[in-house]
Amino acid sequence: MKTPNELLKIAAQTNITVLIQGESGTGKEVAARYLHKSGLRAHGPFVAVNCGAIAKNLIESTLEGAKRGSYTGANADQPGVVRAAEGGTLFLDEIGELPYECQSRLLRILQERAVMPIGATRSIPVDFRLVCATNRNLREEVAAGRFREDLFFRLNAFPIQLKPLRERDNFGTLAQELWQEILREAKPCNIDANRLTAIDANHLTTAEIASLQFYSWPGNIRQLKNVLQRYALLKPHGITLCEILNEEFSPAICSETYHTPTPTWGTIERTLENFGGNKMQTAKALGISRSNLYNLMKKNYPPRAQKACQGS
Numbered sequence: 075m076k077t078p079n080e081l082l083k084i085a086a087q088t089n090i091t092v093l094i095q096g097e098s099g100t101g102k103e104v105a106a107r108y109l110h111k112s113g114l115r116a117h118g119p120f121v122a123v124n125c126g127a128i129a130k131n132l133i134e135s136t137l138e139g140a141k142r143g144s145y146t147g148a149n150a151d152q153p154g155v156v157r158a159a160e161g162g163t164l165f166l167d168e169i170g171e172l173p174y175e176c177q178s179r180l181l182r183i184l185q186e187r188a189v190m191p192i193g194a195t196r197s198i199p200v201d202f203r204l205v206c207a208t209n210r211n212l213r214e215e216v217a218a219g220r221f222r223e224d225l226f227f228r229l230n231a232f233p234i235q236l237k238p239l240r241e242r243d244n245f246g247t248l249a250q251e252l253w254q255e256i257l258r259e260a261k262p263c264n265i266d267a268n269r270l271t272a273i274d275a276n277h278l279t280t281a282e283i284a285s286l287q288f289y290s291w292p293g294n295i296r297q298l299k300n301v302l303q304r305y306a307l308l309k310p311h312g313i314t315l316c317e318i319l320n321e322e323f324s325p326a327i328c329s330e331t332y333h334t335p336t337p338t339w340g341t342i343e344r345t346l347e348n349f350g351g352n353k354m355q356t357a358k359a360l361g362i363s364r365s366n367l368y369n370l371m372k373k374n375y376p377p378r379a380q381k382a383c384q385g386s
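Just remember that the numbering used here sits 74 ahead of the position in the sequence shown, which is counted from 1.
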């Protein structure tokens, strides 16, 4: 199968329903917005809804809308989020949080491509592209009876699984991109120009990338960005990245003397292949000791790495 980025590019050129799956903080909404902006409906609206934040008694009106006077407080016609996405993309985030008893309502909307606002007597056709996201395993939710199987098959037309940050081979590149994004966002703010120049003059150093890469980042990209934002603000005041990392993670293990980047498993694997599995040459090419290479392969990387530790 192709990589998530390649799958996103393919799906963007169609109107197929996409189900984006991944841990919290892996960038599911960013991927959904990419699908919209790079797709056939970029001219239309992008409507994002967090299914876990909608009260049960408001799901029907939130999705399909309501006619004026249909219930207490309905002082005007309400279009609902589905009609608001007319001609564009409807992004249902945390779709796995949608209550079971409300899932049939969404299924009917998808089957008919129409909504029936509360108080209306006729359905209204709607043209929209659906993108959903979840950090749950929906197949397991179906097996447990918490998610409708027929709705799952409707949503699972084009699944894309986003990798957690700890499994990405491009960690260094991603960290640099986030850092530059943070600096760009900081410029319009009322930040002292001299202090901004102090952090704007360079990229993250090799040692800084190595310190960041040492951690597993359970909060994924969101957590990494939060740490880098704090660093951008505090670095001009003499606060080091290691101090921030030691505050973020416990126990404190970051050291200012840590300068050797920790290679990802993908880098180790490719280097091993280049040297025909020779561990000594691989360790030398990676800039680490042979014993450190063995430890990294045995302790910090997937179980399949254990087999590669066998032999010379």
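Backbone N, C-alpha and C fix where the C-beta goes; we use that ideal spot for every residue, glycine too.
Note that the structure is a prediction, hence the values are computed from the model and not measured.
Nearest-angstrom Cα separation, counted from residue 292 out to residue 117: 36 Å
Residue 203 in three-state terms, based on DSSP: strand
If you reduce the DSSP assignment to three classes, tell me which class residue 120 lands in. strand
Can you tell me which residues form a DSSP beta bridge with residue 198? 189
Proximity below 8 Å, CB of residue 183 to CB of residue 137: yes
So what does DSSP say about residue 152, is it helix, strand or coil? strand
Can you tell me whether residue 258 is buried or exposed? The criterion is at least 16 other CB atoms within 10 Å of its CB, across all chains shown. exposed
Quick one: is residue 333 buried, meaning 16 or more other Cβ sit within 10 Å of its Cβ, or exposed? Only weak support exists for where residue 333 lies, its pLDDT of 46 falling under 50; the coordinates are left without a value.
One or two residues paired with residue 92 in a DSSP bridge: 205, 232
Hey, quick one: how far does the alpha helix (DSSP H) through residue 163 stretch, first residue to last? Premise fails: residue 163 lies in the beta strand (DSSP E), 163-167, not in any alpha helix (DSSP H).
Over what stretch of residues does the alpha helix (DSSP H) that includes residue 316 continue unbroken? 315-322
Around the C-beta of residue 131, are 16 or more other C-beta atoms found within 10 angstroms, so that it is buried, or is it exposed? exposed
Which of helix, strand or coil DSSP assigns to residue 140: strand
Residue 288 CB to nearest chain B CB: under 8 Å? Going by chain labels, chain B is absent from the structure shown, which holds only one protein chain.
Under 8 Å by Cβ, that's how I've got residue 165 and residue 205 pegged, so tell me the actual separation to the nearest angstrom. 5 Å
Residue 128 to residue 120, Cα distance in whole Å? 18 Å
With a threshold of 16 other CB atoms inside 10 Å of the CB of residue 221, please say whether the residue is buried or exposed. buried
Can you look up residue 328 in the DSSP assignment and give me helix, strand or coil? coil
Can you look up residue 227 in the DSSP assignment and give me helix, strand or coil? helix
Pair within 8 Å by beta-carbon distance, residue 103 and residue 201: no
Could you tell me the alpha carbon to alpha carbon distance between residue 213 and residue 226, rounded to whole angstroms? 8 Å
Please state the DSSP three-state secondary structure of residue 178. helix
Quick test of the definition: if touching needs 3 or more C-beta pairs under 8 Å, does the stretch 229-243 touch the stretch 186-197? no
Cα-Cα separation between residue 322 and residue 162, rounded to whole angstroms: 39 Å
Which same chain residues end up closer than 7 Å to residue 285 when comparing Cβ atoms and leaving out the 5 residues on each side of it in sequence? 315, 316, 319, 328, 332
State the Cα-Cα distance for the pair residue 153 and residue 159, rounded to the nearest angstrom. 10 Å
Anticipated Cβ contact below 8 Å, residue 356 with residue 338, distance rounded: Going by Cβ atoms, the distance from residue 356 to residue 338 rounds to 14 Å, so no, they are not a contact pair.
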